[in-house]
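Under the UniProt record's numbering, the first residue of the sequence shown carries the number 1, and numbering increases by one thereafter. Where a beta carbon is used, it is the ideal one built from N, C-alpha and C, also for glycine. All values reported here derive from a predicted model rather than from experimental measurement. Some notes on the structure that comes next.
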Amino acid sequence: MTAVRLHAGRLLRRVPIRQILVLLPIALVVLVAVQHRTVLAEGIGHLATAKWPWLLAAAGATCLTWVAAAVTRQGAVVDRLPKLRLLVTQFAAGSANHLLPTGLGASAVNLRFMTVCGLPLARSSAALALYLLAESVARVGLLAALLIAFPHALQLGPLLPDGAWGPLLLVIGAVVVVIVALFALVRRLRTAVLSFLRTALGEARSVHTRPSRALALWGGSIAFPALQAAGLVLVGMALGLDVPPAHMALAYLAATVAVALVPTPGGLGSVEAALIVALVAAGGPVAVATAVVLAYRIITVWLPLLPGALTLGALVRFKVI
(Lines of atoms letter the chains of each structure in order from A and count residues from 1; the text may use other names and numbers.)
(Lines give C-alpha, C1' and ligand atoms only; values in the text may rest on other atoms or scores of the structure.)
Protein backbone atom coordinates (compact mmCIF):
# COMPACT_ATOMS: atom_id res chain seq x y z
CA MET A 1 0.00 0.00 0.00
CA THR A 2 2.85 2.36 0.90
CA ALA A 3 4.59 1.58 -2.39
CA VAL A 4 1.42 2.44 -4.31
CA ARG A 5 1.14 5.76 -2.51
CA LEU A 6 4.78 6.58 -3.23
CA HIS A 7 4.28 5.74 -6.90
CA ALA A 8 1.14 7.90 -7.04
CA GLY A 9 3.05 10.74 -5.38
CA ARG A 10 5.84 10.52 -7.97
CA LEU A 11 3.28 10.59 -10.80
CA LEU A 12 1.61 13.69 -9.33
CA ARG A 13 4.97 15.45 -9.04
CA ARG A 14 5.62 14.76 -12.71
CA VAL A 15 2.31 16.32 -13.79
CA PRO A 16 3.04 19.87 -15.06
CA ILE A 17 0.34 21.46 -12.88
CA ARG A 18 1.56 25.05 -13.30
CA GLN A 19 1.77 24.69 -17.09
CA ILE A 20 -1.77 23.29 -17.11
CA LEU A 21 -2.99 26.24 -15.03
CA VAL A 22 -1.32 28.64 -17.47
CA LEU A 23 -3.13 27.14 -20.48
CA LEU A 24 -6.48 26.43 -18.78
CA PRO A 25 -7.86 30.03 -18.94
CA ILE A 26 -7.12 30.23 -22.68
CA ALA A 27 -8.84 26.90 -23.32
CA LEU A 28 -11.88 28.07 -21.36
CA VAL A 29 -12.02 31.31 -23.38
CA VAL A 30 -12.08 29.35 -26.62
CA LEU A 31 -14.79 27.04 -25.27
CA VAL A 32 -17.01 29.90 -24.08
CA ALA A 33 -16.48 31.82 -27.33
CA VAL A 34 -17.52 28.81 -29.41
CA GLN A 35 -20.63 28.30 -27.28
CA HIS A 36 -21.64 31.96 -27.72
CA ARG A 37 -20.47 32.50 -31.30
CA THR A 38 -23.92 33.69 -32.43
CA VAL A 39 -24.00 36.41 -29.78
CA LEU A 40 -20.46 37.43 -30.70
CA ALA A 41 -21.30 37.70 -34.40
CA GLU A 42 -24.43 39.78 -33.76
CA GLY A 43 -22.65 42.05 -31.30
CA ILE A 44 -19.77 42.72 -33.67
CA GLY A 45 -22.27 43.51 -36.43
CA HIS A 46 -23.95 46.13 -34.23
CA LEU A 47 -20.59 47.64 -33.27
CA ALA A 48 -19.85 48.25 -36.95
CA THR A 49 -22.88 50.58 -37.23
CA ALA A 50 -22.26 52.54 -34.01
CA LYS A 51 -20.75 55.99 -33.45
CA TRP A 52 -17.13 55.24 -32.60
CA PRO A 53 -16.37 58.19 -30.24
CA TRP A 54 -19.05 56.95 -27.85
CA LEU A 55 -17.74 53.38 -28.13
CA LEU A 56 -14.21 54.53 -27.32
CA ALA A 57 -15.57 56.35 -24.28
CA ALA A 58 -17.37 53.14 -23.23
CA ALA A 59 -14.11 51.22 -23.59
CA GLY A 60 -12.39 53.85 -21.44
CA ALA A 61 -15.07 53.48 -18.75
CA THR A 62 -14.52 49.72 -18.84
CA CYS A 63 -10.78 50.16 -18.29
CA LEU A 64 -11.48 52.47 -15.34
CA THR A 65 -13.56 49.74 -13.69
CA TRP A 66 -10.34 47.75 -13.16
CA VAL A 67 -8.79 50.80 -11.48
CA ALA A 68 -11.89 51.16 -9.26
CA ALA A 69 -11.71 47.47 -8.36
CA ALA A 70 -8.02 47.79 -7.45
CA VAL A 71 -8.72 50.85 -5.26
CA THR A 72 -11.54 48.99 -3.48
CA ARG A 73 -9.38 45.89 -2.93
CA GLN A 74 -6.67 48.05 -1.37
CA GLY A 75 -9.25 49.77 0.80
CA ALA A 76 -10.40 46.42 2.17
CA VAL A 77 -7.04 45.68 3.84
CA VAL A 78 -4.83 47.73 6.14
CA ASP A 79 -1.62 46.32 4.64
CA ARG A 80 -0.23 48.07 1.57
CA LEU A 81 -0.50 45.91 -1.56
CA PRO A 82 1.83 46.32 -4.58
CA LYS A 83 -0.06 48.78 -6.79
CA LEU A 84 0.90 47.60 -10.26
CA ARG A 85 0.48 43.90 -9.48
CA LEU A 86 -2.85 44.69 -7.80
CA LEU A 87 -4.11 46.49 -10.91
CA VAL A 88 -2.94 43.76 -13.27
CA THR A 89 -4.53 41.16 -11.02
CA GLN A 90 -7.90 42.93 -11.32
CA PHE A 91 -7.66 42.76 -15.10
CA ALA A 92 -6.88 39.05 -14.94
CA ALA A 93 -9.56 38.48 -12.29
CA GLY A 94 -12.16 39.98 -14.62
CA SER A 95 -11.38 37.29 -17.17
CA ALA A 96 -11.54 34.55 -14.53
CA ASN A 97 -14.86 35.96 -13.36
CA HIS A 98 -16.41 35.40 -16.78
CA LEU A 99 -15.24 31.78 -16.89
CA LEU A 100 -16.53 30.61 -13.51
CA PRO A 101 -19.98 31.02 -11.93
CA THR A 102 -21.17 33.63 -9.43
CA GLY A 103 -17.97 35.60 -9.07
CA LEU A 104 -15.88 32.61 -7.98
CA GLY A 105 -13.15 33.34 -10.51
CA ALA A 106 -12.33 36.87 -9.35
CA SER A 107 -12.64 35.88 -5.71
CA ALA A 108 -10.23 32.96 -6.12
CA VAL A 109 -7.67 35.07 -8.00
CA ASN A 110 -7.76 37.89 -5.44
CA LEU A 111 -7.68 35.51 -2.49
CA ARG A 112 -4.58 33.85 -3.91
CA PHE A 113 -2.99 37.24 -4.68
CA MET A 114 -3.45 38.47 -1.11
CA THR A 115 -2.05 35.27 0.41
CA VAL A 116 1.00 35.48 -1.89
CA CYS A 117 1.44 39.07 -0.67
CA GLY A 118 1.77 37.71 2.86
CA LEU A 119 -1.73 38.12 4.31
CA PRO A 120 -2.95 35.14 6.36
CA LEU A 121 -5.79 33.19 4.80
CA ALA A 122 -8.28 34.28 7.48
CA ARG A 123 -7.52 37.98 6.91
CA SER A 124 -7.53 37.56 3.13
CA SER A 125 -10.96 35.94 3.33
CA ALA A 126 -12.20 38.71 5.61
CA ALA A 127 -10.92 41.36 3.19
CA LEU A 128 -12.65 39.56 0.32
CA ALA A 129 -15.93 39.49 2.25
CA LEU A 130 -15.59 43.18 3.11
CA TYR A 131 -15.01 44.02 -0.55
CA LEU A 132 -18.07 42.06 -1.65
CA LEU A 133 -20.20 43.63 1.07
CA ALA A 134 -19.09 47.19 0.23
CA GLU A 135 -19.63 46.68 -3.51
CA SER A 136 -23.08 45.20 -2.92
CA VAL A 137 -24.12 48.00 -0.56
CA ALA A 138 -22.87 50.63 -3.01
CA ARG A 139 -24.64 49.02 -5.97
CA VAL A 140 -27.94 48.70 -4.13
CA GLY A 141 -27.52 52.22 -2.71
CA LEU A 142 -27.03 53.70 -6.18
CA LEU A 143 -30.06 51.77 -7.41
CA ALA A 144 -32.17 53.04 -4.51
CA ALA A 145 -31.05 56.64 -5.11
CA LEU A 146 -31.96 56.46 -8.81
CA LEU A 147 -35.31 54.81 -8.03
CA ILE A 148 -36.11 57.65 -5.62
CA ALA A 149 -35.02 60.25 -8.16
CA PHE A 150 -36.82 58.59 -11.09
CA PRO A 151 -39.63 56.47 -9.59
CA HIS A 152 -41.40 55.94 -12.92
CA ALA A 153 -38.33 55.21 -15.06
CA LEU A 154 -38.94 51.45 -15.22
CA GLN A 155 -42.35 50.11 -16.25
CA LEU A 156 -42.06 46.41 -15.41
CA GLY A 157 -45.79 45.72 -15.19
CA PRO A 158 -46.36 44.78 -18.85
CA LEU A 159 -43.19 42.64 -18.90
CA LEU A 160 -43.97 40.43 -15.90
CA PRO A 161 -46.67 37.75 -16.02
CA ASP A 162 -49.54 38.00 -13.57
CA GLY A 163 -48.72 36.48 -10.21
CA ALA A 164 -44.95 36.42 -10.85
CA TRP A 165 -44.07 38.18 -7.59
CA GLY A 166 -45.74 35.59 -5.34
CA PRO A 167 -43.61 32.56 -6.37
CA LEU A 168 -40.47 34.72 -6.39
CA LEU A 169 -41.04 35.86 -2.81
CA LEU A 170 -41.79 32.27 -1.77
CA VAL A 171 -38.48 31.07 -3.24
CA ILE A 172 -36.58 33.85 -1.48
CA GLY A 173 -38.33 33.03 1.79
CA ALA A 174 -37.55 29.33 1.44
CA VAL A 175 -33.86 30.05 0.84
CA VAL A 176 -33.71 32.25 3.94
CA VAL A 177 -35.41 29.56 6.05
CA VAL A 178 -32.97 26.87 4.84
CA ILE A 179 -29.96 29.07 5.63
CA VAL A 180 -31.23 29.89 9.12
CA ALA A 181 -32.03 26.22 9.80
CA LEU A 182 -28.56 25.08 8.73
CA PHE A 183 -26.95 27.74 10.88
CA ALA A 184 -29.05 26.75 13.90
CA LEU A 185 -28.73 22.97 13.57
CA VAL A 186 -25.18 22.37 12.32
CA ARG A 187 -22.86 23.28 15.18
CA ARG A 188 -19.64 22.98 13.19
CA LEU A 189 -20.97 25.32 10.52
CA ARG A 190 -22.15 27.77 13.16
CA THR A 191 -18.75 27.77 14.85
CA ALA A 192 -16.91 28.32 11.58
CA VAL A 193 -19.23 31.14 10.54
CA LEU A 194 -18.99 32.92 13.90
CA SER A 195 -15.19 32.63 13.88
CA PHE A 196 -15.05 34.08 10.39
CA LEU A 197 -17.40 36.91 11.35
CA ARG A 198 -15.20 37.84 14.32
CA THR A 199 -12.16 38.03 12.02
CA ALA A 200 -14.10 39.98 9.39
CA LEU A 201 -15.43 42.49 11.93
CA GLY A 202 -11.94 42.99 13.32
CA GLU A 203 -10.59 43.62 9.82
CA ALA A 204 -13.45 46.03 9.07
CA ARG A 205 -12.76 47.99 12.28
CA SER A 206 -9.06 48.21 11.43
CA VAL A 207 -9.80 49.48 7.92
CA HIS A 208 -12.23 52.13 9.13
CA THR A 209 -9.74 53.51 11.65
CA ARG A 210 -7.67 54.65 8.63
CA PRO A 211 -9.50 57.37 6.65
CA SER A 212 -7.48 56.68 3.49
CA ARG A 213 -8.49 53.01 3.51
CA ALA A 214 -12.15 53.76 4.26
CA LEU A 215 -12.23 56.33 1.45
CA ALA A 216 -10.66 53.86 -0.97
CA LEU A 217 -13.06 51.10 0.06
CA TRP A 218 -16.28 53.06 -0.28
CA GLY A 219 -15.16 55.42 -3.04
CA GLY A 220 -14.04 52.51 -5.20
CA SER A 221 -17.19 50.56 -4.37
CA ILE A 222 -19.38 53.41 -5.62
CA ALA A 223 -17.20 54.14 -8.65
CA PHE A 224 -17.19 50.51 -9.84
CA PRO A 225 -20.93 50.09 -10.59
CA ALA A 226 -21.19 53.74 -11.64
CA LEU A 227 -18.53 53.19 -14.31
CA GLN A 228 -20.21 49.98 -15.46
CA ALA A 229 -23.52 51.82 -15.80
CA ALA A 230 -21.75 54.68 -17.62
CA GLY A 231 -20.40 52.14 -20.12
CA LEU A 232 -23.92 50.98 -20.96
CA VAL A 233 -25.13 54.57 -21.26
CA LEU A 234 -22.30 55.40 -23.67
CA VAL A 235 -23.03 52.35 -25.83
CA GLY A 236 -26.70 53.31 -25.82
CA MET A 237 -25.79 56.77 -27.07
CA ALA A 238 -23.52 55.25 -29.72
CA LEU A 239 -26.42 53.20 -31.10
CA GLY A 240 -29.06 55.91 -30.73
CA LEU A 241 -31.15 54.30 -27.97
CA ASP A 242 -33.96 56.77 -27.22
CA VAL A 243 -33.81 56.46 -23.42
CA PRO A 244 -32.57 59.17 -21.01
CA PRO A 245 -29.05 58.40 -19.70
CA ALA A 246 -30.17 58.31 -16.06
CA HIS A 247 -32.88 55.80 -16.96
CA MET A 248 -30.33 53.63 -18.77
CA ALA A 249 -28.09 53.70 -15.69
CA LEU A 250 -31.07 52.75 -13.54
CA ALA A 251 -31.91 49.89 -15.90
CA TYR A 252 -28.33 48.61 -15.68
CA LEU A 253 -28.24 48.65 -11.88
CA ALA A 254 -31.66 47.02 -11.61
CA ALA A 255 -30.69 44.25 -14.03
CA THR A 256 -27.36 43.48 -12.36
CA VAL A 257 -28.87 43.42 -8.88
CA ALA A 258 -31.60 41.09 -10.14
CA VAL A 259 -29.16 38.55 -11.60
CA ALA A 260 -26.56 38.74 -8.81
CA LEU A 261 -27.54 35.31 -7.48
CA VAL A 262 -27.85 33.56 -10.86
CA PRO A 263 -25.04 30.94 -11.02
CA THR A 264 -23.84 31.46 -14.59
CA PRO A 265 -20.24 32.26 -15.55
CA GLY A 266 -19.89 36.04 -15.54
CA GLY A 267 -23.66 36.26 -15.85
CA LEU A 268 -23.39 35.08 -19.46
CA GLY A 269 -26.92 34.80 -20.80
CA SER A 270 -28.69 35.96 -17.66
CA VAL A 271 -27.20 39.48 -17.70
CA GLU A 272 -28.01 39.95 -21.39
CA ALA A 273 -31.63 38.92 -20.86
CA ALA A 274 -32.05 41.08 -17.76
CA LEU A 275 -30.47 44.11 -19.42
CA ILE A 276 -32.73 43.84 -22.46
CA VAL A 277 -35.80 43.55 -20.23
CA ALA A 278 -34.66 46.52 -18.13
CA LEU A 279 -33.96 48.74 -21.15
CA VAL A 280 -37.33 47.87 -22.68
CA ALA A 281 -38.95 48.64 -19.32
CA ALA A 282 -37.16 52.02 -19.44
CA GLY A 283 -38.86 52.76 -22.77
CA GLY A 284 -36.38 51.51 -25.34
CA PRO A 285 -37.45 49.62 -28.48
CA VAL A 286 -36.73 45.89 -28.24
CA ALA A 287 -34.52 45.76 -31.35
CA VAL A 288 -32.35 48.71 -30.36
CA ALA A 289 -32.15 47.57 -26.72
CA THR A 290 -30.96 44.15 -27.87
CA ALA A 291 -28.32 45.74 -30.11
CA VAL A 292 -27.11 47.95 -27.25
CA VAL A 293 -26.80 45.03 -24.83
CA LEU A 294 -24.95 42.83 -27.32
CA ALA A 295 -22.52 45.64 -28.21
CA TYR A 296 -22.03 46.49 -24.53
CA ARG A 297 -21.20 42.90 -23.64
CA ILE A 298 -18.76 42.69 -26.54
CA ILE A 299 -16.85 45.69 -25.15
CA THR A 300 -16.98 44.76 -21.47
CA VAL A 301 -16.73 40.95 -21.63
CA TRP A 302 -15.52 39.54 -24.93
CA LEU A 303 -12.83 42.01 -25.99
CA PRO A 304 -10.94 41.84 -22.64
CA LEU A 305 -11.51 38.09 -22.24
CA LEU A 306 -8.55 36.69 -24.19
CA PRO A 307 -6.00 39.34 -23.05
CA GLY A 308 -7.25 38.82 -19.50
CA ALA A 309 -6.81 35.05 -19.81
CA LEU A 310 -3.28 35.51 -21.16
CA THR A 311 -2.51 37.86 -18.27
CA LEU A 312 -3.92 35.34 -15.82
CA GLY A 313 -1.71 32.64 -17.27
CA ALA A 314 1.33 34.93 -16.99
CA LEU A 315 0.53 35.72 -13.35
CA VAL A 316 0.34 32.01 -12.59
CA ARG A 317 3.56 31.37 -14.54
CA PHE A 318 5.50 34.03 -12.61
CA LYS A 319 3.93 33.02 -9.25
CA VAL A 320 2.22 36.37 -8.67
CA ILE A 321 -0.88 34.32 -7.83
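Original post:
According to DSSP, is C117 helix, strand or coil?
Top reply: DSSP places C117 in coil when its eight states are reduced to three.
Subject >> Cutoff 8 angstroms: N97 Cβ touching any chain C Cβ >> reply: Annotation note: the requested chain C is absent from the structure, which comprises a single protein chain.
Original post:
With burial defined as no fewer than 16 other Cβ atoms inside 10 Å of the residue's Cβ, what is the status of G236: buried or exposed?
Top reply: Per the 10 Å Cβ criterion, buried.
Original post:
Taking C-alpha atoms, which residue in V116, A129, L81 and T191 lies nearest to G202?
Top reply: For G202, the closest alpha carbon among the candidates V116, A129, L81 and T191 is that of A129.
**OP:** Using the Cα positions of residue 326 and V301, report the straight-line distance between them to the nearest angstrom.
**Re:** Lying outside 1 to 321, the shown extent of the chain, residue 326 is not represented and no answer is given.
Original post:
Is I321 helix, strand or coil by DSSP?
Top reply: Note: I321 maps to coil in three-state DSSP.
Subject >> Validate contact between the region 185-199 and the region 220-227 using beta carbons, cut 8 angstroms, 3 pairs >> reply: Fewer than three pairs of CB atoms, one per stretch, sit closer than 8 angstroms, so the region 185-199 makes no contact with the region 220-227.
**OP:** State buried or exposed for I148, treating a residue as buried only when at least 16 other CB atoms are found within 10 Å of its CB.
**Re:** Counting Cβ neighbours within 10 Å, I148 comes out exposed, since fewer than 16 surround it.
**OP:** Please report the residue range of the alpha helix (DSSP H) in which I276 lies.
**Re:** I276 -> alpha helix (DSSP H) spans S270 to A281.
**OP:** For R198, name the three-state secondary structure that DSSP assigns.
**Re:** The answer is helix: DSSP assigns R198 an H, G or I state.
Original post:
Which residues bound the alpha helix (DSSP H) around A255?
Top reply: Element bounds for A255: P245 to A258.
**OP:** Determine contact between the region 108-128 and the region 86-93, defined as no fewer than three beta-carbon pairs at a distance below 8 angstroms.
**Re:** Taking 8 angstroms as the limit for Cβ pairs, the verdict is that the region 86-93 does touch the region 108-128.
Original post:
In whole angstroms, what is the alpha-carbon distance linking L232 and V137?
Top reply: One C-alpha to the other measures close to 21 angstroms.
Subject >> Length of the line joining the Cα atoms of A226 and P53 >> reply: Taken atom to atom, the span from the alpha-carbon of A226 to that of P53 is near 20 angstroms.
Subject >> Pairwise C-alpha distance: L182 and G60 >> reply: G60 and L182 have their alpha carbons spaced roughly 45 angstroms apart.
Original post:
Around the C-beta of S212, are 16 or more other C-beta atoms found within 10 angstroms, so that it is buried, or is it exposed?
Top reply: S212 is exposed by the Cβ-count criterion.
Original post:
Touch check for the region 279-293 and the region 248-263: three-plus C-beta pairs under 8 angstroms?
Top reply: Yes, since at least three Cβ pairs between the region 279-293 and the region 248-263 fall closer than 8 angstroms, the two stretches touch.
Original post:
Between V293, A69, L185 and F150, which lies nearest to N97 when the distance is taken from Cα to Cα?
Top reply: Minimum Cα distance to N97 is reached at A69.
Original post:
Who are the Cβ neighbours of G308 in its own chain at under 6 angstroms, not counting the five residues just before and after it?
Top reply: Result list for G308: F91, A92, G94 and S95, in chain order.
Subject >> C-beta contact flag for V78 and V207 at 8 angstroms >> reply: Yes.
**OP:** Compare the beta carbon distance of A278 and A246 with 8 angstroms and say whether it is the shorter of the two.
**Re:** Judged by beta-carbon spacing, A246 lies beyond the 8 angstroms limit of A278, meaning their Cβ atoms are not closer than that value.
Original post:
Can you round the beta-carbon distance between A295 and L239 to whole angstroms, since I take them to be within the 8 angstroms contact cut?
Top reply: Their Cβ separation, rounded to whole angstroms, is 6 angstroms, which keeps A295 and L239 in contact under 8 angstroms.
Subject >> Three-state secondary structure assigned by DSSP to Q155 >> reply: Three-state DSSP puts Q155 in coil, outside helix and strand.
**OP:** Could you check which residue in L154, P82 and G75 has the C-alpha nearest to that of R205?
**Re:** Residue G75 is the option with its Cα nearest to R205.
**OP:** Please go through the same chain and pick out, in chain order, the residues whose beta-carbon is closer than 8 angstroms to the beta-carbon of P161, but skip the five residues on each side of it.
**Re:** Confidence at P161 is low in this model, with a pLDDT of 49, below 50, so its placement is unreliable and the value that follows should be read with caution. Non-local C-beta neighbours of P161 in its own chain, meaning closer than 8 angstroms and more than five positions away in sequence, are absent.
Original post:
Out of curiosity, what's the CA-to-CA distance linking L303 and I276?
Top reply: For the pair L303 and I276, the Cα-to-Cα distance works out to about 20 angstroms.
Subject >> Candidates S270, F318 and T311: closest to R297 by CA position >> reply: For R297, the closest of S270, F318 and T311 by C-alpha to C-alpha distance is S270.
**OP:** Quick one: give me the first and last residue of the alpha helix (DSSP H) that F150 is part of.
**Re:** It is not in any alpha helix (DSSP H) - F150 carries neither H nor E in the DSSP assignment.
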